[in-house]
Amino acid sequence: KEKHKILHRLLQNSTS
Amino acid sequence: DPYCPYPTSLLHIEELCDSIVRSHRDTSQFRLEELQALRWKLFSREELHAYQSKSVDEMWQHCAVRLTEAVQYVVEFAKRIPGFRGLGQNDQITLLKTGSMEVVLVRMSRCFNTENSTVFFDGKFGSTELFKSLGCGDLMVAVFDFAHSVCALRLTEQQMALFSSLVLINPDRPCLEDRGRVHRMRRDLEVCLSHMLRRDNQESLQHKLYQKVSVLQSLCSLHVEKLHWFSQRYPLIVHSVFPPLYKELFT
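So the sequences go chain by chain: A and B. Residue numbers for the first sequence follow my numbering, so the first one is 10 and each next one is one higher. Residue numbers for the second sequence follow my numbering, so the first one is 200 and each next one is one higher.
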């Protein structure tokens, strides 16, 4: 997760 | 429990199929009707010249931005695949780290016109000539050839949705923490695909689709190789102006 912060954040966002 | 009697009932499989098809449709960057309507809208000679006059770093940055936009739609697709968000966060990242570009390449065939070998880019259709200033002729030819070969299969949107999910849910990716869980997800997707192809009376497609996977992997390696070549020449450009998500995934 550390090395992929942006991807991690995108994955956290809700699937609205 | 390695032999978990996962309920692979027909109803479950059909629901899974519908859900993936919906996810694909809801996260497609371009609607098929829109692409069909624009397929003869080509770049003018002047517009083509403008692209070809861009410096290599300008064109690389422009394409990295466009690729990153496409990847973000694939991330949204992944999130909607049943079971994906149930995976550990590291495994979600691991699957997308390589799979996102592969799905972008699969989806690119939707944006491809085989009659004149052009692809939808920046609102119009252009040939490999459009990308001349990238300095990656072999990569672009290989990508266009791949698009041709996928178009030749004449996949329905539903079949493309299933194939995209199979490309993404790949239990062979290195560094997976719960390979068994990814494998079980993958098994259901394979059942979905064969169920769909049986329904469509196109079971011969399954083997042809699986053959595409190795081509996809070589295209992705070639892309990373070209990026390495570019980064050596323009390290500051990559560092300062390339999209952060692109750098995370590919550098």
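C-beta atoms are modelled at their ideal positions from N, C-alpha and C, and glycine is treated no differently. This structure is a prediction, so every number in the text was calculated from the model and none was measured.
Relative to residue 364 of chain B, the option among B:230, B:305, B:440, B:255 whose CA is nearest is B:305. The beta-bridge partner set that DSSP reports for residue 319 of chain B consists of B:324.
Residue environment for residue 254 of chain B: exposed (fewer than 16 other C-beta atoms within 10 angstroms of its C-beta).
In the DSSP assignment, residue 370 of chain B falls outside any alpha helix (DSSP H) and carries neither an H nor an E. Using a CB distance cut-off of 8 Å, residue 292 of chain B counts as an interface residue toward chain A. Among the CB atoms of chain A, one or more fall inside 8 Å of the CB of residue 278 of chain B. Within chain A, the residues whose beta carbon sits less than 7 Å from that of residue 444 of chain B are 15, 16, listed in sequence order. For residue 295 of chain B, the chain A residues whose Cβ falls inside 7 Å of its Cβ are 16, in order along the chain.
In this structure, residue 341 of chain B lies away from residue 220 of chain B, with their beta-carbon atoms at least 8 Å apart. The beta carbon of residue 382 of chain B lies closer than 8 Å to those of 370 in the same chain, with the five residues before and after it left out. The DSSP-derived three-state label of residue 311 of chain B is strand. Residue 289 of chain B belongs to the set of residues whose beta carbon lies under 8 Å from a beta carbon in chain A.
Contact annotation, residue 288 of chain B with residue 10 of chain A: C-beta distance approximately 6 Å; criterion of less than 8 Å satisfied.
Cα atoms of residue 284 of chain B and residue 278 of chain B: separation of roughly 6 Å, rounded to the nearest angstrom. A distance of 8 Å or more separates the beta carbons of residue 276 of chain B and residue 218 of chain B.
In the three-state reduction of the DSSP assignment, residue 354 of chain B falls in the coil class. Looking from the CA of residue 443 of chain B, the closest CA among B:258, B:225, B:270 belongs to B:270. Interface residue (Cβ-Cβ distance to chain A less than 8 Å): residue 275 of chain B is classified as such.
Excluding the 5 residues flanking it on each side, residue 237 of chain B has same chain C-beta neighbours closer than 8 Å at 319, 322, 323, 324, in chain order.
A direct Cα-to-Cα measurement between residue 412 of chain B and residue 338 of chain B gives close to 17 Å. With a cut-off of 8 Å on Cβ pairs, the region 249-263 of chain B is in contact with the region 421-439 of chain B, counting three or more such pairs.
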